[in-house]
Amino acid sequence: MASKNNCNFEANLDNDMIIKPNSSMAVLNATFKSPINQLTITEEISAVSFIGTVNGANTPPIDSTICKLKVANYSGRTAVMDFIKNLQNTLNGTLNCQFSTNAGEGNPNYNNKITNATFGEFHIGPLDQEAQEPFDTILPEKLTFQYAYSPLLTPFGPTAPGGLHGGNGTKNSARWYKSPTIAADIPTNRAKLTAGTARTARAIHHAYPNDNGPICMGTSIYMARVRDYADNTAAGGSPLDNGFGIGLSLLDFTGTGPGDDLPTANRVNEIIFLREGLPYTYRNGVGFAQSSAPLVAARASLTTYPSVAEHDVIWFRIRGDQDPTSTTYQKHILEAGVWQEPGGVPTETVFFKREITDEENYLGFKPYMFINGAAGEVEVDAMCYPISPYHLYFADPEPIIPQIDWNDRFADGFVGGGQPDNQPNDYRILTATTPQDLRSGSLGQFAPQVLFDRWSDPGLTFTAVVQMHSDVWDYIGFSENVSPIDSGFAQITEKIGNENLNFVNQLVYTGLDSFNLDADDNFMVLIDNLPVDSYDASKNNYDNLGADPLVARSGRRKNILMTIPVSEDTTKGNLVQFSTNTPIFIDFLNTQELNIRNLKLRILRKNFGIVETGANNSILTVLIKDGE
3 MASKNNCNFE
13 ANLDNDMIIK
23 PNSSMAVLNA
33 TFKSPINQLT
43 ITEEISAVSF
53 IGTVNGANTP
63 PIDSTICKLK
73 VANYSGRTAV
83 MDFIKNLQNT
93 LNGTLNCQFS
103 TNAGEGNPNY
113 NNKITNATFG
123 EFHIGPLDQE
133 AQEPFDTILP
143 EKLTFQYAYS
153 PLLTPFGPTA
163 PGGLHGGNGT
173 KNSARWYKSP
183 TIAADIPTNR
193 AKLTAGTART
203 ARAIHHAYPN
213 DNGPICMGTS
223 IYMARVRDYA
233 DNTAAGGSPL
243 DNGFGIGLSL
253 LDFTGTGPGD
263 DLPTANRVNE
273 IIFLREGLPY
283 TYRNGVGFAQ
293 SSAPLVAARA
303 SLTTYPSVAE
313 HDVIWFRIRG
323 DQDPTSTTYQ
333 KHILEAGVWQ
343 EPGGVPTETV
353 FFKREITDEE
363 NYLGFKPYMF
373 INGAAGEVEV
383 DAMCYPISPY
393 HLYFADPEPI
403 IPQIDWNDRF
413 ADGFVGGGQP
423 DNQPNDYRIL
433 TATTPQDLRS
443 GSLGQFAPQV
453 LFDRWSDPGL
463 TFTAVVQMHS
473 DVWDYIGFSE
483 NVSPIDSGFA
493 QITEKIGNEN
503 LNFVNQLVYT
513 GLDSFNLDAD
523 DNFMVLIDNL
533 PVDSYDASKN
543 NYDNLGADPL
553 VARSGRRKNI
563 LMTIPVSEDT
573 TKGNLVQFST
583 NTPIFIDFLN
593 TQELNIRNLK
603 LRILRKNFGI
613 VETGANNSIL
623 TVLIKDGE
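Quick note: the sequence shown, position 78, residue 80 per our numbering, numbers continuous.
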């Protein structure tokens with residue numbers, strides 16, 4: 003049989019075909035081309051932009067909102083995942099942090115997109131945890147990407163009574179594992195070593211998130227301040243067994259416990275304070291230590307500098323940053339450095355700045371800290387970071403480690419920045435005396451400015467606009483969702499925060515079109531005008547293309563003659579060639595003789611989707627075996 007129309011085969015016979023009772027049919031061979039959805043990203047269509055507004059204001063952005071997709075051709079399952087990772091990283095690269103020079107209600111740019119982007123994150127994937135786990139291997143039928151704000155948490159900060167988790171509420175505290183030798187002063191968000199001797203940078207006295215939760219991968223700050231330290235030189239100590247460090251790991255800390263060193267493989271992004279007057283050491287993703295010289299640690303001892311507000315603050319920052327090769331586009335970067343007040347003049351020094359890879363953004367950076375000095379020699383405070391909002395969604399009903407629920411963000415006085423009512427939050431103290439006005443002349447002028455009222459003021463309306471080329475929207479199944487603008491681009495406009503959702507302070511985009519982008523590894527042959535004794539248990543909703551892995555299968559009879567376990571050959575224009583020496587015969591459900599003059603068969607994708615062959619000729623050979 004031959005077909006010129008999307009693998010629909012129909013044979014009209016001049017003479018009657020007699021099919022005897024209890025006969026059967028089998029597929030002998032099939033040849034067809036199956037062009038799949040492909041996308042070629044060129045410079046002309048690579049731009050992705052995010053524009054946020056507050057209360058409807060749409061003032062021109064003070065910096066670029068545009069990040070570029072990689073120029074590449076995407077086709078096949080592996081390429082689809084590569085594209086998803088690149089798109090997620092690119093969307094996050096459109097976000098930036100607000101700095102003091104552009105903050106404050108009196109500034110004309112107060113309501114621009116920047117206030118809408120600080121501590122926000124884009125994420126691509128299903129809405130439920132179970133579907134998210136196999137996302138690398140099981141692509142969803144329809145693609146969803148989301149944008150959400152993240153609260154700023156303190157690893158050793160105070161907990162609030164009541165709330166979602168009763169007396170173990172975590173509204174201002176990120177529950178971390180810490181070595182028994184490290185004590186956390188809960189009311190003041192301080193960490194210090196209460197026992198143990200000084201160590202080298204192997205970091206046996208350490209702490210990290212109990213659940214390996216990453217920081218917010220859109221815009222973030224992970225910082226810590228040297229509250230106090232005592233130099234151990236008089237006791238014969240060396241520079242390497244003093245001070246403390248913070249870092250960001252791509253790997254989990256599973257299996258690392260009391261008495262264990264932090265694995266070397268985890269320590270690739272790191273900053274270490276040793277003592278006043280010595281350079282900082284840092285790692286910038288390559289795994290070996292570098293020096294900040296000639297810059298040295300300035301103020302760290304309460305004895306010498308009694309005002310802790312002037313002490314050095316080390317930090318990592320994630321944000322979109324201007325591409326030095328372009329005046330239009332920015333890149334998604336990780337940078338690290340220190341804020342200091344030498345001579346009373348606030349300064350920021352950047353140790354390194356590098357682009358975040360797609361894989362890094364997809365995996366997420368896990369924060370950690372360690373103390374090298376002996377007991378009583380170093381005290382750390384002002385530790386805080388925004389945790390990834392997509393790590394907070396779905397806690398177990400009885401989680402071992404209490405987590406923040408989205409609904410808990412409004413409960414019991416919780417406000418932006420991770421500060422429950424009347425409880426200290428070092429970040430907010432550092433950056434502002436009021437939610438919008440930075441403390442002039444302080445280290446806080448270098449920190450990303452957060453519009454704290456976005457969690458607590460019901461009168462604020464946040465709107466986000468995402469713009470991409472129409473070819474990109476179409477590729478990911480959003481052609482029916484978007485509104486055209488100009489030059490082939492289109493956009494989606496949504497409010498952040500939807501009363502119809504169970505979560506708050508987020509927006510969700512879900513494509514209306516099927517997300518069938520990967521090269522299939524299986525096809526099905528169906529016969530339409532004759533019943534066969536065949537069943538399908540792959541799905542229970544045939545009105546919705548694609549099997550839902552979370553829904554139990556329920557079998558029902560379907561006229562399937564054969565499944566073809568042959569992948570499309572992308573090197574030959576997605577040609578599928580199938581032949582068997584042992585055809586499998588499927589019984590007709592005929593107890594009486596059948597007299598037919600036509601046959602109707604189809605080849606479909608494994609999700610019952612159409613094989614769009616266009617005008618390409620397709621060949622199908624079937625065998626009929628008479629019944630006894």
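Glycine included, each C-beta is placed from N, C-alpha and C at the ideal position. Values in this document were obtained by computation on a predicted structure and should not be read as measured data.
Residue i to residue j span [Cα, whole Å]
i, j, result
"cysteine 99", "valine 468", "18 Å"
"leucine 637", "leucine 601", "Any answer about residue 637 is impossible in this case: the structure gives the chain only from 3 up to 630."
"cysteine 386", "isoleucine 358", "21 Å"
"leucine 596", "methionine 526", "25 Å"
"tyrosine 307", "aspartate 263", "33 Å"
"glycine 418", "threonine 156", "Residue confidence for glycine 418 is low, a pLDDT of 42 falling below 50, so the modelled location carries little weight and cannot support an answer."
"glutamate 107", "aspartate 243", "Confidence at glutamate 107 is low in this model, with a pLDDT of 45, below 50, so the placement of that residue should be treated as unreliable; the coordinate-derived value is given next. Rounded to the nearest angstrom, the two C-alpha atoms are 46 Å apart."
"alanine 4", "isoleucine 612", "17 Å"
"isoleucine 223", "methionine 470", "28 Å"
"leucine 622", "arginine 599", "18 Å"
"glycine 287", "serine 485", "40 Å"
"glutamate 614", "threonine 327", "42 Å"
"phenylalanine 318", "tyrosine 231", "21 Å"
"glutamine 332", "glycine 322", "6 Å"
"proline 296", "proline 281", "7 Å"
Residue interval of the beta strand (DSSP E) (run including residue i)
i, result
"serine 251", "246 to 251"
"tyrosine 364", "Unbroken run through tyrosine 364 is the alpha helix (DSSP H), 360 to 365; no beta strand (DSSP E)."
"tyrosine 370", "368 to 373"
"phenylalanine 354", "349 to 357"
"glycine 339", "331 to 342"
"histidine 313", "Taken as a continuous stretch (DSSP letters only), histidine 313 belongs to no beta strand (DSSP E), as it is neither H nor E."
"leucine 1", "Nothing about residue 1 can be read from this structure; the chain reaches only from 3 to 630."
"alanine 376", "No beta strand (DSSP E) contains alanine 376, which DSSP labels as neither H nor E."
"aspartate 233", "Here aspartate 233 belongs to no beta strand (DSSP E), and DSSP marks it neither H nor E."
"methionine 526", "525 to 529"
"lysine 6", "Where lysine 6 is concerned, there is no enclosing beta strand (DSSP E), given that its DSSP letter is neither H nor E."
Outcome for residue i when other beta-carbon atoms lying within 10 angstroms are tallied against a minimum of 16
i, result
"histidine 167", "For histidine 167, the predicted structure reports a pLDDT of 32, less than 50, and the residue's modelled location is therefore unreliable. A value from the coordinates is still provided. The residue in question, histidine 167, is buried, as its Cβ has 16 or more Cβ neighbours within 10 Å."
"methionine 83", "buried"
"proline 260", "exposed"
"glutamate 631", "What the structure shows of the chain is the stretch from 3 to 630, and residue 631 is not part of that stretch, so it cannot be assessed."
"glycine 548", "Interpretation of glycine 548 is limited by its pLDDT of 41, a score under 50 that renders its predicted location unreliable; the figure taken from the coordinates is listed afterwards. It counts as buried."
"valine 474", "buried"
"isoleucine 588", "buried"
"lysine 70", "buried"
"asparagine 75", "exposed"
"glutamate 361", "exposed"
"tyrosine 537", "exposed"
"alanine 105", "In this prediction, alanine 105 scores a pLDDT of 45, lower than 50, which makes its location untrustworthy; the coordinate-derived value is nonetheless stated afterwards. That one is buried."
"lysine 6", "exposed"
"isoleucine 487", "exposed"
"aspartate 535", "exposed"
"lysine 497", "exposed"
"threonine 96", "buried"
Closest residue to residue i among the options (Cα-Cα distance)
i, options, result
"serine 77", "Gln148, Ser51 and Thr42", "Thr42"
"threonine 495", "Tyr151, Ser51 and Asn31", "Ser51"
"proline 265", "Thr199, Tyr370, Thr329 and Ile562", "Tyr370"
"isoleucine 320", "Val352, Ser303 and Ser328", "Val352"
"proline 241", "Gly375, Gly611, Met3 and Lys333", "Gly375"
"glycine 249", "Gln579, Arg201 and Pro211", "Pro211"
"aspartate 530", "Tyr149, Met470, Ala32 and Arg604", "Arg604"
"alanine 185", "Asp538, Phe372 and Asn31", "Phe372"
"phenylalanine 158", "Phe124, Ala197 and Ala226", "Ala226"
"glycine 279", "Gln332, Ile273 and Ser294", "Ser294"
"isoleucine 47", "Leu528, Phe480, Ser472 and Tyr477", "Ser472"
"lysine 586", "Leu30, Asp18, Pro23 and Ser481", "In the sequence on display, residue 586 carries isoleucine and not lysine. The candidate whose alpha carbon is nearest that of isoleucine 586 is Leu30."
"alanine 193", "Leu625, Gly247, Ser390 and Asn234", "Gly247"
Counterpart residues of residue i in DSSP-defined beta bridges
i, result
"isoleucine 223", "Arg319"
"phenylalanine 52", "Val468"
"isoleucine 86", "None, per the DSSP bridge assignment."
"phenylalanine 275", "Phe246"
"methionine 19", "Ile598"
"leucine 195", "Ile184"
"threonine 283", "Ile274 and Ser293"
"glutamate 496", "Ala466"
"threonine 623", "Asn31"
For residue i, the first and last residue of its enclosing alpha helix (DSSP H)
i, result
"aspartate 473", "472 to 477"
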